[in-house]
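Student:
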Ligand SMILES: Cc1ncc(COP(=O)(O)O)c(C=O)c1O
């Protein structure tokens, strides 16, 4: 079956965070990380079936859900997962906070590397830890770990938070780098939390995501956070999970969760089971469509928006662009005023950059890019005019 990712779906009146930010304004939203695509039919079917039973009481994960997730972890990720490793969560963000609180004392350091999802710096601060940021090194639009910087800062950190693939730069950290991270954490007695929410959207042919739990050396000091919500477009269902092989670490993590949430959303569980067990083909077609959008955008930017430089975007569905050559103080604001809502790179730790979510029908992406082109052409014309005036004076 061919799935229709070109279908434009009106989300007006659905309380969408992404669209409602611009309610009443002619701004196309490309900021928040959810997709403009309908869920896979198997997910809709699973939820419809559960919906038909009229009681929505507290529920526990089914054997089928365990099986689907364990099979996925073992067969796709090469992680020798056991049922008892799994901890159910309403989302990754609360788990980042729980990770900080479970293993530290007030004031301990938590290391991470920007540019990164803003909850990475926010959670240590909210949990009264000390954020220890060692920014990725940048060469052109390629990023890599600053091993020297990390070594120098290690004495100040008890935990390390990894984003793999890394939002917003789309980097898939290599197996070699993960081995090295495992060794680094071992040497410095640090625990590692790997947020792999974007791991199933790998756009670059020949590339593969490696989970932290596929690295044997990392297993006893790592917690893995995963969710089907990005790949299968279900973030409003609030379902995620952690896999924690080390029992004392798992118990400490669970203790922190106790009292906050014990059970997860029934529809989230149904959707997750269907996603992992039945939606492989849908995911493959989604990835192909997103790759097409990324390549379309890259060639559009090169031809029509040469002031912008687009990163490699090996993974995730967000483009990371250097907009400093535009010469405007706040590029995200500039594009928003032109009717295109993008994320401000400053929120991820690098100002002058913007992030654009291209998980939408190609027609919407093209409409947004054309608006950006018009705005940049007008900016160019204004600059040329100003230049001509100053020469004439
Ligand atoms: C790296 C990363 N982690 C976590 C989240 C959010 O996860 P959740 O909605 O499960 O809290 C996002 C959302 O964009 C993300 O990019």
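Residue numbers (this note's numbering): 779 to 1171.
Note that beta-carbon positions come from the ideal geometry of N, C-alpha and C, so glycine has one too.
1) Spatial neighbours of residue 812 within its chain, please: C-beta separation below 7 Å, excluding the five flanking residues on both sides.
2) Select from 860, 951 and 932 the residue whose C-alpha is nearest the C-alpha of residue 966.
3) At a cut-off of 7 Å, is residue 1174 close to ligand 1 when judged by its beta-carbon and the heavy atoms of the ligand?
4) Compute the Euclidean distance between the alpha carbons of residue 1058 and residue 853, then round it to the nearest angstrom.
5) Would the C-beta of residue 1095 count as close to ligand 1, meaning under 7 Å from any of its heavy atoms?
6) With C-beta atoms as the reference, is residue 746 less than 8 Å away from residue 1039?
7) Can you look up residue 1040 in the DSSP assignment and give me helix, strand or coil?
8) What do you reckon, are the CB atoms on residue 963 and residue 938 nearer than 8 Å?
9) Take residue 940 and list the residues in its own chain whose beta-carbon comes closer than 6 Å to its own, dropping the five residues that flank it on each side.
10) Going by the CB atoms, is the gap between residue 1134 and residue 1154 shorter than 8 Å?
11) Can you find at least 3 beta carbon pairs, one from the stretch 893-900 and one from the stretch 1058-1069, that sit closer than 8 Å?
12) Can you name the start and end residues of the alpha helix (DSSP H) that residue 871 belongs to?
13) Report the CB separation of residue 861 from residue 844 in whole angstroms; it is logged as a contact under 8 Å.
14) Go through the stretch 937-963 residue by residue and report every complete run of the beta strand (DSSP E) that reaches 3 residues or more, in order.
15) To the nearest whole angstrom, what separates the beta carbons of residue 1017 and residue 847, a pair I think is in contact under 8 Å?
16) What residue does the alpha helix (DSSP H) around residue 909 start on, and which one ends it?
17) Is residue 929 closer than 8 Å to residue 957 when the C-beta atoms are compared?
18) Could you please go through the chain and list the residues whose beta-carbon is closer than 7 Å to any non-hydrogen atom of ligand 1?
19) In this structure, does DSSP put residue 917 in helix, strand or coil?
20) Beta carbon of residue 999, beta carbon of residue 959: below 8 Å?
21) Expressed to the nearest angstrom, what Euclidean distance is found between the alpha-carbon atoms of residue 1036 and residue 1101?
Tutor: Let me spell this out:
1) Your numbering for residue 812 matches position 34 in the chain shown. In chain order, 796, 1011 and 1013 place their CB closer than 7 Å to the CB of residue 812, counting only its own chain and leaving out the 5 sequence neighbours on each side.
2) Here residue 966 is taken as the residue at index 188 of the chain shown, counted from 1. Closest by alpha carbon: 932.
3) A query on residue 1174 cannot be resolved here, the shown segment of the chain reaching from 779 to 1171 and no further.
4) Taking the chain shown and counting its residues from 1, the one referred to as residue 1058 is at position 280. Taking the chain shown and counting its residues from 1, the one referred to as residue 853 is at position 75. Residue 1058 and residue 853 have their C-alpha atoms spaced approximately 13 Å apart.
5) Within the chain shown, the letter at position 317 stands for residue 1095. Flag unset: Cβ of residue 1095 not near ligand 1.
6) Coverage of the chain is limited to positions 779 through 1171, which leaves residue 746 absent and any answer about it impossible.
7) Locating residue 1040 in the chain shown gives position 262, counting from the first residue. If DSSP states are grouped into helix, strand and coil, residue 1040 belongs with coil.
8) Here residue 963 corresponds to residue number 185 of the chain shown, with the count starting at 1. Here residue 938 corresponds to residue number 160 of the chain shown, with the count starting at 1. Yes; because the gap between Cβ atoms is below 8 Å, this pair is in contact.
9) What you label residue 940 is simply residue 162 of the chain shown in a count that begins at 1. Excluding sequence positions up to five before and after residue 940, its CB lies within less than 6 Å of the CB of 972, all in the same chain and listed in chain order.
10) The residue given as residue 1154 occupies position 376 in the chain shown. The residue given as residue 1134 occupies position 356 in the chain shown. In this structure, residue 1134 does not lie closer than 8 Å to residue 1154 by Cβ.
11) Touching, no, given that fewer than three Cβ pairs across the two stretches are closer than 8 Å.
12) One-based indexing of the chain shown puts residue 871 at position 93. DSSP places residue 871 in the uninterrupted alpha helix (DSSP H) bounded by 870-880.
13) Reading the chain shown from its first residue, position 83 is the one you call residue 861. Reading the chain shown from its first residue, position 66 is the one you call residue 844. Rounded, the Cβ-Cβ distance is 5 Å, consistent with contact.
14) For the stretch 937-963, whole beta strand (DSSP E) runs of length 3 or above, ordered along the chain, are 937-941.
15) The residue labelled residue 1017 in the question sits at position 239 within the chain shown. The residue labelled residue 847 in the question sits at position 69 within the chain shown. Actually they do not touch by this definition, with Cβ atoms about 11 Å apart.
16) Within the chain shown, residue 909 is the residue found at index 131, counting from 1. That residue, residue 909, is in no alpha helix (DSSP H); its beta strand (DSSP E) goes 908-911.
17) Within the chain shown, the letter at position 179 stands for residue 957. Within the chain shown, the letter at position 151 stands for residue 929. No, these two residues do not count as a Cβ contact at 8 Å.
18) Going by the Cβ distance cut-off, the answer is 811, 869, 870, 871, 872, 895, 897, 941, 945, 973, 975, 976, 1005, 1007, 1008, 1013 and 1018.
19) Translated into the one-based positions of the chain shown, residue 917 becomes position 139. Shown here, residue 917 sits in a strand according to DSSP, grouped into three states.
20) Locating residue 999 in the chain shown gives position 221, counting from the first residue. Locating residue 959 in the chain shown gives position 181, counting from the first residue. Cβ atoms of residue 999 and residue 959: not closer than 8 Å.
21) Counted from its first residue, the chain shown places residue 1036 at position 258. Counted from its first residue, the chain shown places residue 1101 at position 323. So the two alpha carbons sit approximately 44 Å from each other.
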